[in-house]
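Asks: Residue numbers (the numbering used here): 59 to 508.
All residues carry an ideal CB built from backbone N, CA and C; glycine is no exception.
As the structure is a prediction and not an experimental result, all values here were calculated from the model.
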């Protein structure tokens, strides 16, 4: 990314904000000249989010005397608050405003199909690159590296592979980013199973699961499994045709699973053991072949954040302020022989603040129980509206299923990131609001006719 893009802070790591911001500016200009500006303030779901923003402002005002005295990494407390609030508004208002206005013009069905097609095309590129990278990194077929490097000709792509970690990142900049991408598009790929009658309809989602396993992103593996269970359960309940097919697939899978266990017991045990070991988030003994340093940093920071929460349980420290309090509370076992704290998190010359690694814990720490309740109610209102679309949609239930799978994964994914920078979450929220409004309009017309 160009250096001048750095003014966007955490968003400067991605290329998509360039297009979203450009679209937002053009949309705003067009709406001003047309005199037709649509703001979703009447939406009950978005209304709850606005209440949450109000709570962030309130808790920050309550903590203002302390915030005025904060200074860390060449940044004052007020400056930090302003940056973090702008960060929330970029995703929660600017990008969301673009998504909901474009979706409203297209109509919920056409908009969903268009987005799904775009995700499918992008997934073809991501999957093919991931498979080539797998052959290079894991199978050591170095002679196909030139094929892998061809993907560098794609805009904003710089393929990087790490042989010593044996993990995949495809066209993204790191394995966790690939994991977030897979979690984000999971619901859209799953919907092909419902909307198509072709035998090939299972391929996109199966390919996604395979890539989630091979990339060795712990979060991606766990979350995609949960998304799969959620998607299968709700589809099994709602679609009779799927029920019949799934029962057959389940029986065949059980038979082949038993045979594979008998014939390849040792190999299966080895693979499963390796996967289970990668899921050990508490492993902190140093090794350059695993995630021990990352685990120490993650756990140490979260322990310090929880200590701050215990001291400020009701209103927290104020939005964006936790690092000022946690900087002297990191456990010794977390900072010992940990280069991340020396070079980044406790380095006053390194301007980037340490991540919280967990949005829910961050909200508890910075907005207290008050803010956590407001955000929990926001998440609750989303799933409540999602189930409303399940119940009342006649011919678009597949959209409700896709949204449910996506929301399930993205909400869980917030347990390992502390940012609202999950673009597909706001995209799905826009689709849900348009979808619900469309259903309500049809229900009102039906009642009027009666």
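#1: Helix, strand or coil, according to DSSP, for residue 293 in the structure here?
#2: Among 450, 483, 143, 351, which has the Cα closest to the Cα of residue 501?
#3: Residues in the same chain with beta-carbon distance under 7 Å from residue 488, minus the five sequence neighbours each way, listed in chain order, please.
#4: Is it true that the CB of residue 244 sits closer than 9 Å to the CB of residue 467?
#5: With a floor of 4 residues, list each alpha helix (DSSP H) that falls wholly inside the stretch 362-421, ordered by position along the chain.
#6: Just reading off the alpha helix (DSSP H) that residue 259 is part of, what are its end residues?
#7: Between the alpha carbons of residue 71 and residue 381, how many angstroms are there, rounded?
#8: Starting from residue 174, trace the alpha helix (DSSP H) in both directions and tell me its first and last residue.
#9: What span of residues does the alpha helix (DSSP H) with residue 124 cover, start to end?
#10: Could you please give me the residues that DSSP links to residue 133 through a beta bridge?
#11: Report the residue ranges of all alpha helix (DSSP H) runs contained in full by the stretch 414-496; include only those spanning at least 4 residues, in chain order.
#12: Hey, is the stretch 418-426 in contact with the stretch 84-104, meaning 3+ C-beta pairs nearer than 8 Å?
#13: Ends of the alpha helix (DSSP H) at residue 95?
#14: So what does residue 276 bridge to, in DSSP terms?
#15: Tell me whether residue 344 is buried or exposed, calling it buried when 16 or more other Cβ atoms sit within 10 Å of its Cβ.
#16: Relative to the C-alpha of residue 228, which residue among 214, 185, 287 is closest?
#17: Which residues bound the alpha helix (DSSP H) around residue 67?
Replies: In short, the structure shows the following:
#1: Against the chain shown, residue 293 aligns to sequence position 235. In the three-state reduction of the DSSP assignment, residue 293 falls in the helix class.
#2: Residue mapping note: residue 501 aligns to position 443 of the chain shown, counting from 1. Per the Cα distances, 450.
#3: Along the chain shown, read from residue 1 onward, the residue named residue 488 stands at position 430. Here the set comprises 154, 157, 158, 161.
#4: As a first step, residue 467 is located in the chain shown; it is residue number 409 there, counting from the start. As a first step, residue 244 is located in the chain shown; it is residue number 186 there, counting from the start. Yes. Within cutoff.
#5: Given a length threshold of 4 residues, each whole run of the alpha helix (DSSP H) inside the stretch 362-421 is given here in chain order: 380-384, 390-393.
#6: Here the question's residue 259 lines up with position 201 in the chain shown. Premise fails: residue 259 is in no alpha helix (DSSP H) and is neither H nor E.
#7: Against the chain shown, residue 71 aligns to sequence position 13. Against the chain shown, residue 381 aligns to sequence position 323. Across the structure, residue 71 and residue 381 are spaced so that their CA atoms are roughly 21 Å apart.
#8: The residue labelled residue 174 in the question sits at position 116 within the chain shown. It spans 166-195 - the alpha helix (DSSP H) in which residue 174 sits, taken as one unbroken run.
#9: As a position in the chain shown, residue 124 is number 66, starting the count at 1. DSSP places residue 124 inside the alpha helix (DSSP H), whose first and last residues are 122-125.
#10: Along the chain shown, one-based indexing puts residue 133 at 75. According to DSSP, residue 133 shares a beta bridge with 130.
#11: Taking only runs of at least 4 residues, the alpha helix (DSSP H) segments lying wholly in the stretch 414-496 are 417-450, 455-471.
#12: The stretch 418-426 vs the stretch 84-104: no contact.
#13: Residue 95 sits at position 37 when you count from the first residue of the chain shown. That residue, residue 95, is in no alpha helix (DSSP H); it is neither H nor E in DSSP.
#14: To locate residue 276, count along the chain shown from 1; it is residue 218. Its beta-bridge partners do not exist; DSSP assigns none.
#15: The residue you call residue 344 lines up with position 286 of the chain shown. Confidence at residue 344 is low in this model, with a pLDDT of 47, below 50, so the placement of that residue should be treated as unreliable; the coordinate-derived value is given next. So residue 344 counts as exposed.
#16: For the purposes of this step, residue 228 is taken as the residue at position 170 of the chain shown. Among 214, 185, 287, the Cα nearest to that of residue 228 belongs to 185.
#17: Residue mapping note: residue 67 aligns to position 9 of the chain shown, counting from 1. Taken as a continuous stretch (DSSP letters only), residue 67 belongs to no alpha helix (DSSP H), as it is neither H nor E.
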